Amino acid sequence: MAKEVTSRAENFSLWYNNLVLKAGLAENSAVRGCMVIKPYGYSLWENMQSALDKMFKDTGHVNAYFPLFIPKSFLAKEAEHVEGFAKECAVVTHYRLRNTADGKSLEVDPEARLEEELIVRPTSETIIWNTYKNWIQSYRDLPLLCNQWANVVRWEMRTRLFLRTAEFLWQEGHTAHATRKEAVEEAVKMLGVYEDFARNWLAIPVITGVKTASERFAGAVDTYCIEAMMQDGKALQAGTSHFLGQNFARAFDVKFASKDGVLDYVWATSWGVSTRLIGALIMAHSDDNGLVLPPKVAPLQVVIIPIFKGEEELQQMRAHCETIKSSLQKSGISVKIDDRDNLRSGFKFAEYELQGVPVRLAIGPRDIKNGTVEVARRDTLTKEIVSQENIEQHVSSLLADIQSNMYNKALKFREEHTYTVDSYDEFKEKIENGGFFLAHWDGTAETEALIKEETKATVRCIPIGGDRETGKCMLTGKPSSQRVVFARNY
RNA sequence: CGGGGUGUGGCGCAGUUGGCUAGCGCGCUACGUUCGGGACGUAGAGGCCGAAGGUUCGAGUCCUUUCACCCCGACCA
268 MAKEVTSRAE
278 NFSLWYNNLV
288 LKAGLAENSA
298 VRGCMVIKPY
308 GYSLWENMQS
318 ALDKMFKDTG
328 HVNAYFPLFI
338 PKSFLAKEAE
348 HVEGFAKECA
358 VVTHYRLRNT
368 ADGKSLEVDP
378 EARLEEELIV
388 RPTSETIIWN
398 TYKNWIQSYR
408 DLPLLCNQWA
418 NVVRWEMRTR
428 LFLRTAEFLW
438 QEGHTAHATR
448 KEAVEEAVKM
458 LGVYEDFARN
468 WLAIPVITGV
478 KTASERFAGA
488 VDTYCIEAMM
498 QDGKALQAGT
508 SHFLGQNFAR
518 AFDVKFASKD
528 GVLDYVWATS
538 WGVSTRLIGA
548 LIMAHSDDNG
558 LVLPPKVAPL
568 QVVIIPIFKG
578 EEELQQMRAH
588 CETIKSSLQK
598 SGISVKIDDR
608 DNLRSGFKFA
618 EYELQGVPVR
628 LAIGPRDIKN
638 GTVEVARRDT
648 LTKEIVSQEN
658 IEQHVSSLLA
668 DIQSNMYNKA
678 LKFREEHTYT
688 VDSYDEFKEK
698 IENGGFFLAH
708 WDGTAETEAL
718 IKEETKATVR
728 CIPIGGDRET
738 GKCMLTGKPS
748 SQRVVFARNY
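Residues 268 to 757, numbered by my numbering, are exactly what the first sequence covers, in order.
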């Protein structure tokens, strides 16, 4: 059982785990490595989903749904893809059970073996490209821009709530294009959507970049990614966008006739983010009092707590609370009044802090007399007394302020823990305390592997944009065309 | 899959070299007093101690087997 740890400093991993459980986001299930996402956690996911879904649609994408099961032969068609996923697949081999001889239990009916095993999708490229083959004949069918919201299964050795579970929820976009250029543009565009979402909705600054060959998605030509820094200085890959070249089109024989009547394989991308983003949110912002949620995705933005003695005062308070509630709701703010009379207000304060509710309003007899409200913000844990007049404007701007303050705080944290290093000795010493390291690397897998072995740090990405300062690899001294980001990661 | 650890009411834990009706805190139920930062009192309910064998007059405690979960690695979104 998990030991009670409520301090980030004491043990970041245990703190994280306890927070997920105590805040009521999720819990371990009876199934190995799988998790139950509780209503509060799922509500958070739904908010992320709807924001992302709108962004996808605004960029011309549509949703579709493909089967959970993938015939084994499909997975086998793209060599690198199989190589990458074979070790972590759940496989369906039979389709029927029967009673055991003693009638007390169930067993797999050996008569009911499938001719071809079905793989529970670890990702859907293969089943989708097998389908796209039938959807694409001409350049007029392109581009094909589909997204799917789904669950996938990867039989991981070790699991952690939200960060790595055997089954997880995600979206996966799969697009087909007539040209290489257009597909690359799509992959980069969707990376931009993820960056935008992380920054403006999750209040998490991310570095956009390209993965090195060893970290690339199995079957991709290039993998683009967003990398976020957690409060222990470790990196978390928060989303990926892949330029798949013609690899899957070749594997599934998807050709189209161009305007000139020339047959060619189509160019592909795929991109995805998962419930791991919830883990990112927690590890980027939360503190020892509990979750700190950005207002734009928080399941509940404002909680109103009436402070009262007895039924009479409660009735009096309730009217004021309702008035404030409806005025906030008119501005599109989600509000709840917590008038439970069996709990003291102090207990409620602590509880909503644990759940990361961005703004708390408290109204008591004193406020009624003075026409005021006590307003507390979760991100800074500060309180102020404001007039009940124009409360909705105050709260609206406060929510916006919390949203941007959280981003700025996370950005500042990242900047304070990002180091430019040229000496490998310095790198080895500093990496022990976490952080991002901008260093030169000779571009070889050997050097990368050696650094990983010695320091547990990897190249998180080769950043896009920024200055392209040339230099010498910190380990080998060989030439380097730009600095890359090294870090330990989740 | 390697190394380490833990399984005892809903949750968190104690339980000594085997010994008597298996305890504590939180939570839960009832009543009362409280109520502007995690209240208090009184009275209750709730556990065949992860599972299966074994040793013994006697097992939460010792032995064997097994299962589950957690942490650190390797692998990964």
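We treat Cβ as the ideally placed atom computed from N, Cα and C, and that holds for glycine. All of these numbers come straight from a predicted model, not from anything done at the bench.
Relative to the C-alpha of residue i, which candidate in the options has its C-alpha closest?
i: P625; options: L381, L511 and A667; result: A667
i: K603; options: V564, T326, I572 and V287; result: I572
i: F429; options: D554, S690, L548 and A706; result: L548
i: V359; options: Y461, F336, G732 and R425; result: F336
i: E355; options: E383, F704, L342 and G613; result: L342
i: V529; options: V460, G300, A318 and Q404; result: Q404
i: D634; options: I386, N397, H348 and I574; result: I574
i: A293; options: V752, S310, E277 and E699; result: S310
i: G733; options: T743, V752 and A724; result: V752
i: G577; options: K597, P561, S594 and D606; result: D606
i: R750; options: G476, C413 and K448; result: G476
i: I718; options: L560, T273, A754 and I729; result: A754
i: D646; options: N657, Q622, N672 and G631; result: N672
i: F352; options: V303, Q415 and E423; result: E423
i: Q670; options: N467, W708, A724 and C728; result: N467
i: V559; options: A617, N295, C728 and R681; result: A617
Hey, quick one: how far does the beta strand (DSSP E) through residue i stretch, first residue to last?
i: M497; result: Here M497 belongs to no beta strand (DSSP E), and DSSP marks it neither H nor E.
i: N278; result: Where N278 is concerned, there is no enclosing beta strand (DSSP E), given that its DSSP letter is neither H nor E.
i: C728; result: T725 to P730
i: Y532; result: L530 to Y532
i: I604; result: V602 to I604
i: N414; result: L411 to V420
i: H348; result: H348 -> not in any beta strand (DSSP E); alpha helix (DSSP H) instead, spanning A346 to F352.
i: Y686; result: T685 to T687
i: L364; result: L364 to N366
i: F703; result: F703 to H707
Please confirm whether residue i and residue j have their CB atoms less than 9 Å apart.
i: K650; j: V642; result: yes
i: E453; j: T393; result: no
i: E721; j: K745; result: no
i: V726; j: E715; result: yes
i: T590; j: G440; result: no
i: D555; j: W282; result: yes
i: H444; j: V533; result: yes
i: M315; j: I545; result: yes
i: F703; j: M457; result: no
i: V653; j: L595; result: no
i: G486; j: G557; result: no
i: H328; j: C413; result: yes
i: L385; j: Y399; result: no
i: D689; j: G613; result: no
Quick check: does the Cβ of residue i come within less than 8 Å of any heavy atom belonging to the ligand MN?
i: I652; result: Absence of the ligand MN is noted for the structure shown, with no ligands found whatsoever.
Go ahead and label residue i buried or exposed: buried means 16 or more other beta carbons lie within 10 angstroms of its beta carbon, across all protein chains shown.
i: S664; result: exposed
i: N418; result: exposed
i: K566; result: Reading the sequence as shown, one finds Pro at residue 566 and not Lys. Classification of P566: buried, given that the 10 Å Cβ count is 16 or more.
i: W251; result: One cannot answer for residue 251 here, as it falls past the ends of the chain, which runs 268 to 757.
i: I600; result: buried
i: E313; result: exposed
i: M741; result: buried
i: T479; result: buried
i: Y491; result: buried
i: V287; result: buried
i: T432; result: buried
i: A586; result: exposed
i: E494; result: buried
i: A276; result: exposed
i: Q568; result: buried
i: V473; result: buried
i: A269; result: Only weak support exists for where A269 lies, its pLDDT of 45 falling under 50; the value from the coordinates is given anyway. The residue in question, A269, is exposed, as its Cβ has fewer than 16 Cβ neighbours within 10 Å.
i: A368; result: exposed
i: G638; result: exposed
Go to residue i, then tell me how far its alpha helix (DSSP H) extends in each direction, as first and last residue.
i: R517; result: N514 to A518
i: K478; result: Per DSSP, K478 belongs to no alpha helix (DSSP H) and is neither H nor E.
i: E589; result: G577 to K597
i: Q316; result: P306 to D325
i: R633; result: P632 to N637
i: W437; result: Counting along the chain, W437 falls outside any alpha helix (DSSP H), though it belongs to the beta strand (DSSP E) covering E434 to H444.
i: Y691; result: Y691 to K697
i: T393; result: E392 to W402
i: T714; result: A712 to T722
On the three-pair Cβ rule with 8 Å, is the segment 496-515 touching the segment 374-385? Taking a contact to require three or more Cβ pairs closer than 8 Å, the segment 496-515 and the segment 374-385 do not qualify as touching.
Does the contact criterion of 3 or more C-beta pairs under 8 Å hold for the segment 549-562 versus the segment 516-529? Fewer than three pairs of CB atoms, one per stretch, sit closer than 8 Å, so the segment 549-562 makes no contact with the segment 516-529.
Assess contact between the segment 533-547 and the segment 421-438, defined as three or more Cβ pairs (one per stretch) separated by less than 8 Å. Is contact present? Between the segment 533-547 and the segment 421-438, the count of Cβ pairs shorter than 8 Å is three or higher; the stretches touch.
Cβ contact check for the segment 457-469 and the segment 504-518: 3 or more pairs under 8 Å: Pairwise C-beta distances place the segment 457-469 in contact with the segment 504-518, as three or more of them are shorter than 8 Å.
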